[in-house]
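Here is the structure we will look at, set down as C-alpha cells.
Residue numbers (the numbering used here): 384 to 722.
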C-alpha cells in the first residue's frame with residue numbers, strides 16, 4: 384500500500400477552501416515549493432521540486448538546488464520539509480527574490496510547521512493561521528519591506544573523515560542527509576568495504592558524496608553517484624571537486640539506467656522514508672533494481688537500521704544475504720548476483 388504523502392493531505396485541505404481569497408491569484412502567478420507528490424498539480428502549474436520523481440507532475444516544474452527566478456510569482460506555497468535548515472534556507476531565497484509575494488506555509492502538525500512559523504527568518508511578518516485539517520496547518524506571512532535584508536553568506540555545515548589513510552572534508556547543503564556529520568551507519572559501511580572493490584561502482588543515495596568520493600580516492604574504480612535530491616547532487620559535485628575526484632553524478636529517481644554493461648558494486652546507505660513516514664516499498668524496489676543493474680558476479684553492499692526487513696528482501700531477490708557486521712543499531716549486508 385502506497386504511503387500517503389504530505390501533498391495529499393494538503394491538497395484535500397486546499398480543496399475545502401478553493402473559494403478563499405488567498406487562492407484567487409491567477410494560476411500562472413502561483414508557485415509551490417517542495418511538493419512531495421502529484422496532488423497539488425490541480426492548484427499549481429509551477430513547482431520547484433526537491434525530489435526529481437515529483438517534477439514530472441507539474442507543467443512548469445524544475446528540480447534544482449539553485450533557486451529559480453521567483454520574482455514572477457504573486458503567491459508562493461511552501462510545503463514544509465522535515466529538515467528545518469532547509470525550510471529556513473528556502474524562506475531566505477523567497478525573501479531575496481520575491482519580497483512582494485503572498486507566502487503560504489503548510490505542513491503536518493507533527494512535521495514542524497508550528498515551530499517553523501514561530502521562528503521565521505528576519506524580515507517576515509508574524510504568521511497568521513488560515514486553515515487546518517487533515518492533520519495539517521496552513522499559515523500566511525509576507526515580507527515586511529522595511530525589514531527585508533539580503534541573505535548573508537554563511538559557512539555550510541561540514542565534517543572531516545579519515546579513512547584508510549585518506550583525510551577528506553565534506554560540506555553539506557540544507558536538506559542533505561546527515562547534514563554536518565558523518566552518519567554512523569555510513570561510517571560502519573565504510574569500515575567494511577572490501578579492498579577488492581574494483582570496476583564500476585555506484586554510490587546510491589549519495590548524499591554529500593562521502594562513500595563514492597572516498598572509494599574513488601582509495602581504489603581504481605569508475606565511480607557513479609546518484610540521488611533524488613538536487614541539494615545532494617550539488618553537495619556531491621562540490622565535495623568531489625575539492626577532493627579531485629572525477630566521476631558521473633546523476634539526479635535520478637531510483638537506480639540510474641546504464642546504456643550497457645552494469646555495475647560491479649553498488650554501495651549504499653539507502654533511504655527508508657517518504658517524508659515523515661517509514662516506507663518499506665523504497666527498499667524493496669531498490670533491492671530489485673540493484674539486482675537488475677549488477678553484472679553477473681557484481682555485489683550489493685548496504686548498511687541499514689537493524690529493524691528494517693532488508694535481509695529478507697535481499698535473500699528473496701539474490702537467493703542469499705551475508706551479514707557482514709552488526710553494531711547493535713546498524714547491520715552491513717552483502718549479496719552477490721550469481722547469474
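All C-beta atoms in this analysis are idealised placements derived from N, C-alpha and C, irrespective of residue type, glycine included. Since the model is a prediction, treat every value here as computed from it, not as a measurement.
Environment of residue i [buried if 16+ CB atoms lie within 10 Å]
{"i": "residue 564", "result": "exposed"}
{"i": "residue 702", "result": "exposed"}
{"i": "residue 588", "result": "buried"}
{"i": "residue 527", "result": "exposed"}
{"i": "residue 706", "result": "exposed"}
{"i": "residue 503", "result": "buried"}
{"i": "residue 552", "result": "exposed"}
{"i": "residue 486", "result": "buried"}
{"i": "residue 537", "result": "exposed"}
{"i": "residue 437", "result": "buried"}
{"i": "residue 720", "result": "buried"}
{"i": "residue 418", "result": "buried"}
{"i": "residue 384", "result": "In this predicted model, residue 384 has a pLDDT of only 38, less than 50, meaning its place in the structure is not dependable; the value taken from the coordinates is given anyway. Residue 384 should be labelled exposed."}
{"i": "residue 545", "result": "exposed"}
{"i": "residue 624", "result": "exposed"}
{"i": "residue 594", "result": "buried"}
{"i": "residue 578", "result": "exposed"}
{"i": "residue 711", "result": "exposed"}
{"i": "residue 583", "result": "buried"}
{"i": "residue 403", "result": "exposed"}
{"i": "residue 429", "result": "buried"}
{"i": "residue 723", "result": "This structure cannot speak to residue 723, because the chain is shown only from 384 to 722."}
Residue i: first and last residue of the uninterrupted alpha helix (DSSP H) it sits in
{"i": "residue 698", "result": "693-701"}
{"i": "residue 470", "result": "467-480"}
{"i": "residue 397", "result": "389-398"}
{"i": "residue 572", "result": "567-575"}
{"i": "residue 369", "result": "The first residue shown for the chain is 384 and the last is 722, placing residue 369 beyond what the model contains."}
{"i": "residue 496", "result": "496-501"}
{"i": "residue 489", "result": "First-last for residue 489: 485-491, but that is the beta strand (DSSP E), not the alpha helix (DSSP H)."}
{"i": "residue 717", "result": "First-last for residue 717: 713-719, but that is the beta strand (DSSP E), not the alpha helix (DSSP H)."}
{"i": "residue 328", "result": "Because the chain in this structure spans residues 384 to 722, residue 328 falls outside the shown range and cannot be described."}
{"i": "residue 402", "result": "Taken as a continuous stretch (DSSP letters only), residue 402 belongs to no alpha helix (DSSP H), as it is neither H nor E."}
DSSP three-state assignment for residue i, whether helix, strand or coil
{"i": "residue 440", "result": "helix"}
{"i": "residue 626", "result": "helix"}
{"i": "residue 619", "result": "helix"}
{"i": "residue 384", "result": "Legend: pLDDT at residue 384 = 38, less than 50; position of this residue unreliable, value from coordinates given subsequently. It is coil, neither helix nor strand."}
{"i": "residue 560", "result": "coil"}
{"i": "residue 664", "result": "helix"}
{"i": "residue 578", "result": "coil"}
{"i": "residue 608", "result": "strand"}
{"i": "residue 514", "result": "strand"}
{"i": "residue 669", "result": "helix"}
{"i": "residue 722", "result": "coil"}
CB-CB length for residue i against residue j, believed under 8 Å
{"i": "residue 513", "j": "residue 405", "result": "6 Å"}
{"i": "residue 621", "j": "residue 433", "result": "So it is not a contact: roughly 17 Å between Cβ atoms."}
{"i": "residue 681", "j": "residue 709", "result": "Their Cβ separation, rounded to whole angstroms, is 24 Å, which puts residue 681 and residue 709 out of contact at 8 Å."}
{"i": "residue 616", "j": "residue 448", "result": "7 Å"}
{"i": "residue 519", "j": "residue 396", "result": "5 Å"}
{"i": "residue 344", "j": "residue 715", "result": "Here the chain covers residues 384 to 722 and nothing more, so residue 344 does not appear."}
{"i": "residue 499", "j": "residue 517", "result": "About 18 Å; that fails the 8 Å criterion."}
{"i": "residue 444", "j": "residue 467", "result": "At roughly 24 Å, the Cβ-Cβ gap does not stay under 8 Å, so residue 444 and residue 467 are not in contact."}
First and last residue of the uninterrupted beta strand (DSSP E) at residue i
{"i": "residue 461", "result": "458-462"}
{"i": "residue 432", "result": "429-432"}
{"i": "residue 520", "result": "519-524"}
{"i": "residue 631", "result": "631-634"}
{"i": "residue 680", "result": "677-688"}
{"i": "residue 545", "result": "541-546"}
{"i": "residue 708", "result": "705-709"}
{"i": "residue 414", "result": "413-416"}
{"i": "residue 647", "result": "646-651"}
*How do the segment 688-697 and the segment 590-609 stand: do at least 3 beta-carbon pairs fall below 8 Å, yes or no?*
Fewer than three Cβ pairs drawn from the segment 688-697 and the segment 590-609 lie within less than 8 Å of each other, which leaves the two stretches out of contact.
*Counting pairs of Cβ atoms below 8 Å between the segment 622-641 and the segment 556-574, do you hit three or more?*
Not touching, per the Cβ criterion.
*asked:* Check whether the segment 507-524 and the segment 539-559 are in contact - that is, three or more C-beta pairs closer than 8 Å.
replied: No, the segment 507-524 does not touch the segment 539-559.
*Quick one: any contact between the segment 475-493 and the segment 452-461, if contact means 3 or more CB pairs under 8 Å?*
The segment 452-461 and the segment 475-493 touch, with three or more beta-carbon pairs separated by less than 8 Å.
*Decide yes or no for the touch test of the segment 405-421 against the segment 600-610: beta carbon pairs closer than 8 Å, at least 3 of them.*
With the cut-off at 8 Å, the segment 405-421 and the segment 600-610 do not touch.
*Is the number of C-beta pairs between the segment 661-674 and the segment 613-632 that are closer than 8 Å three or more?*
Contact fails: fewer than three Cβ-Cβ distances are below 8 Å.
*Contact the segment 679-686 vs the segment 648-657: 3+ CB pairs below 8 Å*: Judged by pairs of C-beta atoms under 8 Å, the segment 679-686 touches the segment 648-657, as three or more such pairs exist.
*Given 8 Å as the limit, is there contact between the segment 483-502 and the segment 386-396, that is, 3 or more CB pairs closer than that?*
By the C-beta criterion, the segment 483-502 is judged to be in contact with the segment 386-396, since at least 3 inter-stretch pairs fall below 8 Å.
*asked:* Can you confirm whether the segment 459-477 touches the segment 417-430 when touching is taken to mean that 3 or more C-beta pairs between the two stretches lie within less than 8 Å?
replied: Judged by pairs of C-beta atoms under 8 Å, the segment 417-430 touches the segment 459-477, as three or more such pairs exist.
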